[in-house]
Amino acid sequence: MNHRWIRRTEGTKTVVIVFGGWAVGWAPFAHLEGPEDVLFVEDYRDLNHDLPDLGGYAQRWLLAYSLGVASFGHWAQGRRFDRTVAACGCLTPVDRRLGIPAQVYQATQDGLTEDSYQGFLALCHGHNVEPQTVDIPARQAELAAIADRGPAPVTPFDHVLIADKDRIWPKANLTRAWDGHNMVHLDAPHVAFSGFQTWRDLFEGRL
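What follows is the structure, given as structure tokens:
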């Protein structure tokens with residue numbers, strides 16, 4: 388796992404920790420505003436990694452996104468957060484009925500090229516985006532590691548965001564995976580956060 392501070396200001400009492408998705412970086416969240424400090428986590432090839440000491444914060448808010456949901460679930464056992472939201476992913480990352488079907492997942496991993504990556508980003512955003520570089524062996528290894536870990540342990544979330552226009556995770560699968568949980572449906576693609584203006588809005592499920 389890698390982490391980096393996006394915003395850090397002395398005296399701030401709330402920190403947002405974002406477990407990002409696979410190969411999409413910080414861009415899906417860059418527009419979100421607020422006084423909170425923000426720590427971004429990505430690259431789930433190895434979860435044997437501690438975050439910086441967050442003990443000085445009165446509130447620790449956690450957003451897990453896409454394949455970051457299961458990765459957080461594996462990593463988080465025994466760690467406490469005050470608010471937790473899962474978005475556009477679930478604890479069973481590779482599953483025919485609950486996650487991404489294995490055939491689709493494996494095809495993404497095996498067929499990863501510069502061109503297929505651009506197609507993936509377009510599906511995520513719902514439109515074409517500026518070309519971006521990708522470390523193909525690293526991202527293939529990350530997909531393999533996530534699949535090899537299998538389903539994550541049961542992990543509590545305050546609410547779950549599901550994108551109704553998601554073309555990465557089947558909406559029906561996520562709805563089954565989160566049955567019985569507080570689900571908020573968004574009229575959005577996989578990169579689903581444009582309807583939120585602030586971090587507080589997102590954590591309260593308030594569009």
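All residue numbers for the sequence shown refer to my numbering, where the first residue is 388 and numbers rise by one. Don't be surprised by glycine CBs; every beta carbon is placed ideally from N, CA and C.
Cβ neighbours of residue i in the same chain (closer than 6 angstroms, five flanking residues each side left out)
i	result
residue 451	406, 459, 473
residue 455	406, 407, 408
residue 395	424
residue 589	583
Residues of its chain near residue i, where Cβ-Cβ distance is below 7 angstroms and the 5 sequence neighbours each way are ignored
i	result
residue 550	475, 573, 575, 576, 577, 579
residue 421	585, 586, 587
residue 543	471
Run of the beta strand (DSSP E) containing residue i, from where it starts to where it stops
i	result
residue 389	389-394
residue 587	Not the beta strand (DSSP E): residue 587 falls in the alpha helix (DSSP H), residues 586-590.
residue 470	470-474
Sub-9 angstroms separation of residue i and residue j beta-carbons
i	j	result
residue 485	residue 463	no
residue 534	residue 493	yes
residue 648	residue 568	Because residue 648 is not part of the residues shown, which for the chain are 388 to 594, the question remains open.
residue 519	residue 510	no
The alpha helix (DSSP H) enclosing residue i, as first and last residue numbers
i	result
residue 495	489-497
(request) Flag this pair as touching only if the region 388-401 and the region 555-569 have three or more C-beta atom pairs under 8 angstroms; answer yes or no. (result) no
(request) Report the residue ranges of all beta strand (DSSP E) runs contained in full by the region 402-459; include only those spanning at least 3 residues, in chain order. (result) 424-429, 446-452
(request) Taking 8 angstroms as the threshold, find out whether the region 430-450 comes into contact with the region 519-537 through three or more Cβ pairs. (result) yes
(request) Output the residue ranges of the beta strand (DSSP E) runs that lie fully inside the region 504-570 and measure 3 residues or longer, sorted by chain position. (result) 546-550
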